[in-house]
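Taking it in order: structure first as C-alpha cells, then the write-up.
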Amino acid sequence: MIKKMFQKAKEYLNRFLMFFSTLIIVVVLLMIIISILYKGLPSLSWEMISQIPQGGYYFGKEGGILNAIIGSLYLALGSTILGLCFSLPLALYINIHRAKNSRLVNFIRFLLDLLWGIPSIVYGAFGFSVMIYFGVRTSLLAGIITVTLFIIPIMVRSMDEVLKTVPKGLLESALSLGSTRSETAYKVVCRQSIPGIVTAILLAFGRAIGDAAAVLFTAGYTDYIPTALNQPVATLPLSIFFQLSSPIPEVQNRAYAAAVILTVIILIISVSSRIVSSKFKQKKIR
Amino acid sequence: MSIKSIRFFKIGRILKDKLHSSWMLVCFLIVLFLPFLLGIGLVFKSNLLIKEESLLQLLFSSQWHPMKGEFGFLPFIISSLWVTVLSILICGPICMLSAIHLTHYAKRWVLKIMHPVIDILAGIPSVIYGVWGIILVVPFISRLGASLGHPNSGYTVLTGSIVLSIMIIPFILNILIEVINTVPQELKEASLSLGATKWETIKKVTLKKAFPGIVSAYGLGISRAFGETIAVLMVVGNVVKIPTGIFQPGYPLPSLIANNYGEMLSIPMYDSALMFAALILFVVVTVFNLGSRYLILRSEKKI
Chain A
138 MIKKMFQKAK EYLNRFLMFF STLIIVVVLL MIIISILYKG LPSLSWEMIS
188 QIPQGGYYFG KEGGILNAII GSLYLALGST ILGLCFSLPL ALYINIHRAK
238 NSRLVNFIRF LLDLLWGIPS IVYGAFGFSV MIYFGVRTSL LAGIITVTLF
288 IIPIMVRSMD EVLKTVPKGL LESALSLGST RSETAYKVVC RQSIPGIVTA
338 ILLAFGRAIG DAAAVLFTAG YTDYIPTALN QPVATLPLSI FFQLSSPIPE
388 VQNRAYAAAV ILTVIILIIS VSSRIVSSKF KQKKIR
Chain B
17 MSIKSIRFFK IGRILKDKLH SSWMLVCFLI VLFLPFLLGI GLVFKSNLLI
67 KEESLLQLLF SSQWHPMKGE FGFLPFIISS LWVTVLSILI CGPICMLSAI
117 HLTHYAKRWV LKIMHPVIDI LAGIPSVIYG VWGIILVVPF ISRLGASLGH
167 PNSGYTVLTG SIVLSIMIIP FILNILIEVI NTVPQELKEA SLSLGATKWE
217 TIKKVTLKKA FPGIVSAYGL GISRAFGETI AVLMVVGNVV KIPTGIFQPG
267 YPLPSLIANN YGEMLSIPMY DSALMFAALI LFVVVTVFNL GSRYLILRSE
317 KKI
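Chains as they are written, first to last, in the working numbering: chain A, 138 to 423; chain B, 17 to 319.
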C-alpha cells in the first residue's frame, strides 16, 4: 500500500517537473520578447526607421538605421531567390526523378543534414577566403552568395519533408497521361505542396535575415543604401552588434531599438508562415 | 493543327524537360561537392600553419601570441568545451522532461501554445539572443556570482552557456519529439496491458526504445552549440585564458574567428591560424553530426 502511494507520489512529482520545464520554455520566450521591447521601445522612433546614419551617428547624433534595414532585406531577398533557384529543383529531383533510387536519395538527405549542421561562421570564413582568392571585395553579391550556400540545405530539407508526403498515385497518374517529368514536377507536385514550399521559403528568409556570422566578413558594412551588387551592404544583426559594443549609452539604446525592429520582422515572418500553411491546406488533394 | 506543329510542340516539351533535368543535376552536384569543397578549402588555407608547427602543439599549447608567431589553441578549445558542455547540462533535463510532457501528457491547448512557441524560439536570430543575454542574463550572473563569493563582470562562461542552452532548446526538443513519436504504439499498449503504469511504460519502454534517437538528438544539439557564434561572442567575455570556473570569462573558437578575421589579413600566419580554428569547428561539428545521423538511421531501420 505504502509502496503504491509512493509510486503515485513519484509520478505526480515527475508530472509536475515535466509541466514545469515546458513552462520554463514559454516563460523564457516571453522574457526575451518583453525585455527587448522594454529596452528598445523607448528609443524607437520614426527617425530611426526612415533615415540613414548622419554624420556623428555613432557618437549619439541623429540618423537612423534605414541602411541596415534595407540592406538586410536586399540580402535576404537576394539569397532567398537565388537559393530557390537551386533548392526547388533539387528537392524535386530527389522526390520525382530519383524517387526509385532510395539509396541515393537517402545519401543526399544525409549530406544536406550535414551541411545544415555546419555553423554559419565556417561558411563565412570559407566565403571570405574564396573572395580573397579571387580578389573580390566585401559586397552585396558576396554576402548573397555566402548566405545562399548557407540556406540551401535548410530550404531543400524543409521542402523535401513536404514533397515526401505527396501521394505516389498523383505522380503516376500525371506521368501516365503523358506529361514529362518536369511538367509533373511543377504543374502537379509543386501545386500540391505549395504551403510547404512557401513555409520553407519563409523559414530560409528568416534565417537569412537573422544570420550575422556568415555576412560578418563577406558583406562588409556601410552607412549608405547599396545601389549595385558590388557595393558593401549593412545588415540589421551586424548593426545591432556594432552599436551594442559602443560605450555611449544612446548608441546602445539604438541597438535595442534595432533589436526590436529585427524581432518584429521575425515575428511577422513566423506568423505569416503559419497563416499561409493553414490557408492553403484546405485546397489540397488527398 | 498540322502534324508538323504537333511534333514541334512535342520536341519543345522534351527539350524543356531535358534542360530542366540537367539543371537539376547541376544543383545536385553542387550540393554533393559543397561539403568536400568546404573541407578542402579550409585544409588548404590552414596548411601554412600545420606545416610550420606540429598538430599536437597547436592543439595542446596555451601560448597564444599571434604577433610572436605562437599559436596555441588550448584556451579556445577549453572555453568551447566549457560553454558547450554547460549548455547541454542546462538544457538537457528541460528538453527531455518537456518532450515527454508534450508527447504523452499535454492537453490539446498546451500543444496549441507550444507549437508556435517552439517555432518562434527557433526562428529568433542569434543576435537577439545575445541582446537578451546582455539585458537580463549578464546582470543576473554578476549578482549571482557576487552573492556566491565569485565577483565577476557578468560576462562569463556561465552566461554564454545559459544563452546558448536557450538557443538550442527548440532544436533538440523538435528532434526529441519526433524520435519519441516514432516508438510504435503496440509496444506501449503491450506494456500497459501487463499492468505497468503510464510513467513506468514511458520510462522502461518508450525511452528505452527511443534511446539511440535521444542520444543523437543531444549529439546534434552539441554540434549546434559548438558552432554558435554571435550570441556567445556577445556575452562570454572574450579573454584569452583557460577558464577554471563557471564565473570566469572564456573565448570560444567561433568568437575567435569572428573577432579577428578580416583585420589580420596582413599576417599570413594569423590568417592561416584562424582558418585552422574554422577547420577544427568544421571537423568537430561534422563528426558529431555524422555520429548522430548514423544512430538515427540505424534506429529507424530497427523499428
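Glycine included, each C-beta is placed from N, C-alpha and C at the ideal position. For clarity, every value in this text was computed on a predicted model and none was experimentally measured.
Within 10 Å of its beta-carbon, does residue i have 16 or more other beta-carbons around it, so buried, or fewer, so exposed?
{"i": "serine 276 of chain A", "result": "buried"}
{"i": "glycine 146 of chain B", "result": "buried"}
{"i": "methionine 138 of chain A", "result": "exposed"}
{"i": "serine 288 of chain B", "result": "buried"}
{"i": "asparagine 204 of chain A", "result": "buried"}
{"i": "alanine 293 of chain B", "result": "buried"}
{"i": "lysine 225 of chain B", "result": "buried"}
{"i": "asparagine 254 of chain B", "result": "buried"}
{"i": "proline 242 of chain B", "result": "Per the sequence shown, the amino acid found at residue 242 of chain B is phenylalanine instead of proline. Counting Cβ neighbours within 10 Å, phenylalanine 242 of chain B comes out buried, since at least 16 surround it."}
{"i": "glutamine 201 of chain B", "result": "exposed"}
{"i": "tyrosine 149 of chain A", "result": "exposed"}
At a Cβ threshold of 8 Å, is residue i touching chain B?
{"i": "lysine 176 of chain A", "result": "yes"}
{"i": "isoleucine 139 of chain A", "result": "no"}
{"i": "alanine 279 of chain A", "result": "no"}
{"i": "serine 182 of chain A", "result": "no"}
{"i": "methionine 268 of chain A", "result": "no"}
{"i": "phenylalanine 379 of chain A", "result": "no"}
{"i": "glycine 347 of chain A", "result": "yes"}
{"i": "threonine 317 of chain A", "result": "yes"}
{"i": "glycine 254 of chain A", "result": "yes"}
{"i": "proline 384 of chain A", "result": "no"}
{"i": "aspartate 297 of chain A", "result": "no"}
{"i": "alanine 236 of chain A", "result": "no"}
{"i": "valine 370 of chain A", "result": "no"}
{"i": "glutamate 309 of chain A", "result": "no"}
{"i": "phenylalanine 448 of chain A", "result": "Outside the shown range of chain A (138 to 423) lies residue 448 of chain A, about which nothing can therefore be said."}
Can you tell me where the alpha helix (DSSP H) holding residue i begins and where it ends?
{"i": "phenylalanine 89 of chain B", "result": "It is not in any alpha helix (DSSP H) - phenylalanine 89 of chain B carries neither H nor E in the DSSP assignment."}
{"i": "arginine 240 of chain A", "result": "239-254"}
{"i": "asparagine 204 of chain A", "result": "203-229"}
{"i": "tyrosine 260 of chain A", "result": "257-271"}
{"i": "phenylalanine 137 of chain A", "result": "Summary: the structure shown does not reach residue 137 of chain A, with chain A confined to residues 138 through 423, and so no result is reported for it."}
{"i": "lysine 176 of chain A", "result": "139-177"}
{"i": "tyrosine 145 of chain B", "result": "142-148"}
{"i": "aspartate 135 of chain B", "result": "124-139"}
{"i": "glutamate 216 of chain B", "result": "214-217"}
{"i": "alanine 247 of chain B", "result": "246-251"}
{"i": "threonine 364 of chain A", "result": "Neither: threonine 364 of chain A is in no alpha helix (DSSP H) and is coded neither H nor E."}
{"i": "tyrosine 234 of chain B", "result": "227-243"}
{"i": "glycine 390 of chain B", "result": "For chain B, the structure presents residues 17 to 319; residue 390 of chain B sits outside this window and is missing."}
Using a Cβ-Cβ cut-off of 8 Å, state whether residue i counts as contacting chain A.
{"i": "glutamate 244 of chain B", "result": "yes"}
{"i": "threonine 213 of chain B", "result": "yes"}
{"i": "serine 38 of chain B", "result": "no"}
{"i": "alanine 11 of chain B", "result": "Since the first residue shown for chain B is 17 and the last is 319, residue 11 of chain B is missing from the structure and cannot be characterised."}
{"i": "valine 147 of chain B", "result": "yes"}
{"i": "tyrosine 286 of chain B", "result": "no"}
Give a yes or no on whether the C-beta atoms belonging to residue i and residue j are separated by under 8 Å.
{"i": "valine 299 of chain A", "j": "leucine 249 of chain A", "result": "no"}
{"i": "glycine 264 of chain A", "j": "alanine 279 of chain A", "result": "yes"}
{"i": "glutamate 141 of chain B", "j": "leucine 399 of chain A", "result": "The question names glutamate, but residue 141 of chain B is proline in the sequence shown. In contact: proline 141 of chain B and leucine 399 of chain A (Cβ atoms closer than 8 Å)."}
{"i": "glycine 237 of chain B", "j": "isoleucine 312 of chain B", "result": "no"}
{"i": "isoleucine 258 of chain A", "j": "isoleucine 93 of chain B", "result": "no"}
{"i": "proline 226 of chain A", "j": "proline 270 of chain B", "result": "no"}
{"i": "isoleucine 182 of chain B", "j": "valine 251 of chain B", "result": "no"}
{"i": "aspartate 135 of chain B", "j": "serine 266 of chain A", "result": "no"}
{"i": "valine 273 of chain A", "j": "alanine 351 of chain A", "result": "no"}
{"i": "methionine 40 of chain B", "j": "histidine 234 of chain A", "result": "yes"}
{"i": "leucine 90 of chain B", "j": "serine 78 of chain B", "result": "yes"}
{"i": "serine 177 of chain B", "j": "isoleucine 106 of chain B", "result": "yes"}
*asked:* Counting beta carbon pairs with one atom in the region 370-387 of chain A and one in the region 350-359 of chain A, are three or more of them shorter than 8 Å?
replied: yes
*Count the CB pairs spanning the region 87-98 of chain B and the region 251-266 of chain B that are closer than 8 Å, and state whether there are at least three.*
yes
_Across the region 153-167 of chain B and the region 198-214 of chain B, are there enough close Cβ pairs to call them in contact, namely three or more that are closer than 8 Å?_
no
*Between the region 165-179 of chain A and the region 335-355 of chain A, do at least 3 Cβ pairs fall closer than 8 Å?*
no
*Assess, as a yes-or-no matter, whether the region 408-416 of chain A is touched by the region 237-251 of chain A under the definition of 3 or more beta carbon pairs within less than 8 Å.*
no
*Spell out a yes or no on whether the region 23-36 of chain B and the region 311-327 of chain A are touching, meaning 3 or more CB-CB pairs, one atom from each, closer than 8 Å.*
yes
*Answer yes if the region 105-123 of chain B comes into contact with the region 155-166 of chain A, meaning at least three C-beta pairs across the two stretches below 8 Å, and no otherwise.*
yes
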